[in-house]
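Colleague: Shown below is the structure under consideration.
Chains as they are written, first to last, in this note's numbering: chain A, 1 to 385; chain B, 1001 to 1198; chain C, 2001 to 2302.
Structural data, given as structure tokens:
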């Protein structure tokens, strides 16, 4: 359905990534945000705090990230579209509730503006060190969807995508920004509301008594209901049956957790967003994401000027990992070069998929800035030999 | 063509807004591209403040400056920190009463303006950043004056627009006379339009 | 008539007769989930009975009441009440309830959990929810111990009590919850024991109808892990203890409500204020004033 025009700031703007993310959330229908101040994500909720009253929404500054990351889920079950925003240590604190959202199949959005870590690390400087945390940070088996923008425009566009996919899959979705993209100001085009596609919540039309909050439809995703709608349903983070009742057995665990994972894994191709260019006859393909993809692009141009055959594969969807696209590229090339602002995270995913097909080379950076294009270039040159 | 600009000074001088106005003029009102990043953090609150602005006629990839074509410094500390890294043939704009210029390659084009005092004379010290933007606008032809004025209108509260317009014009006039005085050579990168001749 | 048919008819008659013989609180319970997990002599079930009566007496629409629990024995209440119910994470029932209430202010939101969950791991949320005076009703079953994990000491365990993690007895000072809550700004504060069921049900009803942050502490036995380890007898003896030592003092100074192992337990309704604005009411008024037009609060958009 189209976005509510009341909240869409249609026009051409000069916005930073944090503000663009907030505008995306508003356009996607979010009227509730719970947060706790933390650099470099705070501008998102500052913007929301300013904009929300204009559109009948609310920002509540909670007492900590644990509170923020579950207040947003309470709001979802009350009928809101909602999100929370954090960085670094705050994302670590939210992990239990990423797991709760996965287990209770609560459609919600977590925005993580990555900064250098571990611990307090580099509060004001960029890194891409939370890639694996976004996937594995909560205990147990579960799946998330995670997207990685590389510009303020994408912060707007992908935030909407996050909200929509949260509804489609009844799953937590993570927007993995970084300090550089969050604080970078560029032109952002916000289309008219009727051109923005907003996915409504998939509410059940069953009668009370017939509705089971965890009975999957054909796509393995159950329908939703809200508190107050007369269904008197039960939601729990304990392993449960289709009624939502506790079922603490190995069989119930197997049935539930496999479905939670399968509903995302089986949709991996529909969830894959990548940018691929020049890979057909390439010797080397640079696989990158987020801000690093822009630095990589410069390195790719430098390499092409030297006559090297280099392609690019930019991962916009990080989780579920775009295995099929990476594997298809790996079949054609000698080397995959994976620059990232960490000491090796997604490179191991690429290696897992490309193993036996192509060589995988990481270009690491501990964070605090971006790569020198020359460092990526050196890896390309070596990979082409 | 890519032009790299850095604005630096201390907190309260409106460094970020100055960079924002220039970036907005390029990206929104002249059909180009602009990428603005800022140094951010405890050191940017009340202390040092710095913004990096890239403008180009093509999409911008690498988000930071590598060697500034234009450096605008409003504090001695900013001059000491950033002047050594700028392009040897670049354009340096300094706040005349706050920055003493030394040890520069002779090829750097230095222009100074007492922006703070001029702003005070206009009635409000805070518009010193817009005086600087006006000065920069006159010294370079990267962006049209009309685009700057549109960006200014889109950036400041209506009640303060008149004051800001006067600040811009003040800086612009200073820039024009400085340009004549110094006979800025036509072949310098900064004096040439990067795209779309006004 | 065959024997089988006679039996079926008899069964039908019994079924038809059930509504009259049914316990009046049964519609508020998920009877298919009974038997519950609570031990013989545990007080939590008693509190649920009182709650069901309070819901009935309040005349609120049960479809518009949601119960949110954390983790622990008392955290299991959400699973047994036939209402919209949320069994959340350890300590975080209050922030979940905060989001739920803000999204749909029509709901009566009840947080039902234990002392460890609400006052220790969730203590920060308890304080801040009281500060905001958001209209949620917190029912804290205080059994003076961490029961579900096997009887470890809690922030509420009185001095000199033996627990699994204090084999030499506890020596840390304890939290006086009503006092803490009053300082933080709660506008309805009461305490009863599981012996005082009539008073408790009445107070629960009042809390359901109170507008603002409400807190009811219920002193409740854990015969299996607390009373037994401390030679305090079984559930029945604890009831006698509550009867003898429960001293009703409505409006008592909350600073005087500290509990000891064998001393009196001061009970009653201590605070009922109407002078602090409720969070959502206040927000509506505040933004209407700031925006210069009615603040059309509508967070529920789905």
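Built from N, CA and C at the ideal position, the CB exists for glycine as well.
List, in chain order, every chain C residue whose beta-carbon is nearer than 8 Å to that of residue 237 of chain A.
Modeller: Per Cβ cutoff of 8 Å: 2087, 2088, 2089.
Colleague: Does the beta carbon of residue 185 of chain A sit closer than 8 Å to a beta carbon anywhere in chain B?
Modeller: So, interface residue.
Colleague: Based on the DSSP output, what are the partners of residue 197 of chain A in its beta bridges?
Modeller: Per DSSP, A:2.
Colleague: Look at the alpha carbon of residue 2028 of chain C and the alpha carbon of residue 2081 of chain C, and state the distance between them as a whole number of angstroms.
Modeller: Approximately 6 Å between the Cα atoms of the pair.
Colleague: Is residue 166 of chain A near the ligand MG - that is, is its Cβ less than 7 Å away from at least one heavy atom of it?
Modeller: Ligands displayed in this structure: none; no statement on the ligand MG is therefore possible.
Colleague: Can you list the beta strand (DSSP E) stretches of 3 or more residues lying completely in the stretch 252 to 337 of chain A, in chain order?
Modeller: For the stretch 252 to 337 of chain A, whole beta strand (DSSP E) runs of length 3 or above, ordered along the chain, are 274 to 277, 284 to 288, 310 to 315, 317 to 319.
Colleague: Would the stretch 235 to 243 of chain A count as touching the stretch 84 to 94 of chain A if we require 3 or more Cβ pairs under 8 Å?
Modeller: Short answer: they don't touch.
Colleague: So residue 36 of chain A and residue 18 of chain A are supposed to be a Cβ contact under 8 Å. How far apart are they, rounded?
Modeller: Going by Cβ atoms, the distance from residue 36 of chain A to residue 18 of chain A rounds to 15 Å, so no, they are not a contact pair.
Colleague: Excluding sequence positions up to five away, which residues of its chain have a Cβ less than 8 Å from the Cβ of residue 259 of chain A?
Modeller: Excluding residues within five positions, the ones whose Cβ falls inside 8 Å are 216, 220.
Colleague: Closest to residue 168 of chain A by CA distance: which of A:51, A:309, A:329, A:263 is it?
Modeller: For the residues A:51, A:309, A:329, A:263, the minimum Cα distance to residue 168 of chain A belongs to A:263.
Colleague: Can you give me, in chain order, the residues of the stretch 2161 to 2191 of chain C that have a beta carbon less than 9 Å from any beta carbon in chain A?
Modeller: Those residues of the stretch 2161 to 2191 of chain C that come within reach of chain A (Cβ to Cβ, closer than 9 Å) do not exist; the list is empty.
Colleague: For chain C, find out if any of its Cβ atoms is closer than 8 Å to the Cβ of residue 73 of chain A; answer yes or no.
Modeller: Yes, because at least one Cβ of chain C sits closer than 8 Å to the Cβ of residue 73 of chain A.
Colleague: Using a Cβ-Cβ distance under 8 Å, would residue 1214 of chain B count as near chain A?
Modeller: Here chain B comprises residues numbered 1001 to 1198, so residue 1214 of chain B is not present and cannot be evaluated.
Colleague: By Cβ distance, which residues of its chain are closer than 8 Å to residue 1178 of chain B, with the 5 residues on each side in sequence left out?
Modeller: These residues qualify, in order along the chain: 1111, 1113, 1135, 1138, 1139.
Colleague: In chain order, what residues of the stretch 74 to 86 of chain A put their CB closer than 8 Å to some CB of chain C?
Modeller: Answer in chain order: 74, 75, 76, 77, 78, 79, 80, 81, 82.
Colleague: Of all Cβ atoms in chain A, is any one closer than 8 Å to the Cβ of residue 1107 of chain B?
Modeller: No, its Cβ sits nowhere closer than 8 Å to a Cβ of chain A.
Colleague: Rounded to the nearest angstrom, how far is the Cβ of residue 2213 of chain C from that of residue 2134 of chain C, given a contact under 8 Å?
Modeller: Right, their Cβ atoms sit about 6 Å apart.
Colleague: Buried or exposed, going by whether 16 or more other CB atoms sit within 10 Å of the CB of residue 115 of chain A?
Modeller: That one is buried.
Colleague: I need the boundaries of the beta strand (DSSP E) containing residue 1094 of chain B, first residue and last residue.
Modeller: That run of the beta strand (DSSP E) goes 1091 to 1095.
Colleague: Give the DSSP bridge partners of residue 2146 of chain C, in chain order.
Modeller: Answer is C:2152.
Colleague: When the Cα atoms are used, what is the spatial distance from residue 254 of chain A to residue 170 of chain A?
Modeller: Cα-Cα distance, rounded: 19 Å.
Colleague: In its own chain, which residues sit with a C-beta less than 7 Å from the C-beta of residue 1125 of chain B, not counting the 5 before and 5 after it?
Modeller: Closer than 7 Å at the Cβ level, and outside the excluded window around residue 1125 of chain B, lie 1116, 1119.
Colleague: Is there a Cβ from chain C that is less than 8 Å from the Cβ of residue 97 of chain A?
Modeller: Judged by the 8 Å Cβ criterion, residue 97 of chain A is in contact with chain C.
Colleague: List, in chain order, every chain C residue whose beta-carbon is nearer than 8 Å to that of residue 64 of chain A.
Modeller: Within 8 Å Cβ-Cβ: 2124.
Colleague: Look at the Cβ atom of residue 1079 of chain B, then the Cβ atom of residue 1050 of chain B, and state whether they are nearer than 8 Å.
Modeller: Result no, Cβ atoms of residue 1079 of chain B and residue 1050 of chain B do not sit closer than 8 Å.
Colleague: If I measure Cβ to Cβ from residue 182 of chain A and keep anything under 6 Å in the same chain, skipping five residues before and after, which residues do I get?
Modeller: For residue 182 of chain A, where only same-chain residues beyond five positions count, the Cβ hits under 6 Å are 17, 18, 40, 113.
Colleague: So with Cβ pairs under 8 Å, would you call residue 1024 of chain B a contact of chain A?
Modeller: Chain A, which has a Cβ nearer than 8 Å to the Cβ of residue 1024 of chain B, makes this yes.
Colleague: Roughly how many angstroms separate the alpha carbons of residue 104 of chain A and residue 192 of chain A, rounded to a whole number?
Modeller: Approximately 34 Å between the Cα atoms of the pair.
Colleague: Find the nearest neighbour of residue 57 of chain A within the set A:368, A:34, A:178, judged by alpha-carbon distance.
Modeller: The option with the nearest alpha carbon to residue 57 of chain A is A:34.
Colleague: Got a sec? Which residues, its chain only, sit under 8 Å from residue 120 of chain A by beta carbon, not counting five neighbours each side?
Modeller: Around residue 120 of chain A: 88, 89.
Colleague: If you drop the 5 nearest sequence neighbours on each side, which residues of the same chain put their C-beta closer than 8 Å to that of residue 2030 of chain C?
Modeller: Answer for residue 2030 of chain C: 2079, 2080, 2081, 2082, listed in chain order.
Colleague: Counting only Cβ-Cβ distances shorter than 8 Å, please list the residues of the stretch 2041 to 2071 of chain C near chain A, keeping chain order.
Modeller: Within the stretch 2041 to 2071 of chain C, the residues whose Cβ lies closer than 8 Å to some Cβ of chain A are 2062, 2063, 2064, 2066, 2068, listed in chain order.
Colleague: Work out the CA separation of residue 2240 of chain C and residue 2233 of chain C for me, nearest whole Å.
Modeller: Distance between the alpha carbons of residue 2233 of chain C and residue 2240 of chain C is about 10 Å.
Colleague: In whole angstroms, give me the CA-to-CA distance for residue 379 of chain A and residue 124 of chain A.
Modeller: In a straight line, the C-alpha of residue 379 of chain A is about 28 Å away from that of residue 124 of chain A.
Colleague: Contact criterion: CB-CB distance below 8 Å. Does residue 1038 of chain B meet it with respect to chain A?
Modeller: For residue 1038 of chain B, the answer is yes, since a Cβ of chain A falls inside 8 Å of its Cβ.
Colleague: Taking the alpha-carbon positions, what's the residue 230 of chain A to residue 2056 of chain C distance?
Modeller: Spanning the two alpha carbons is a distance of roughly 17 Å.
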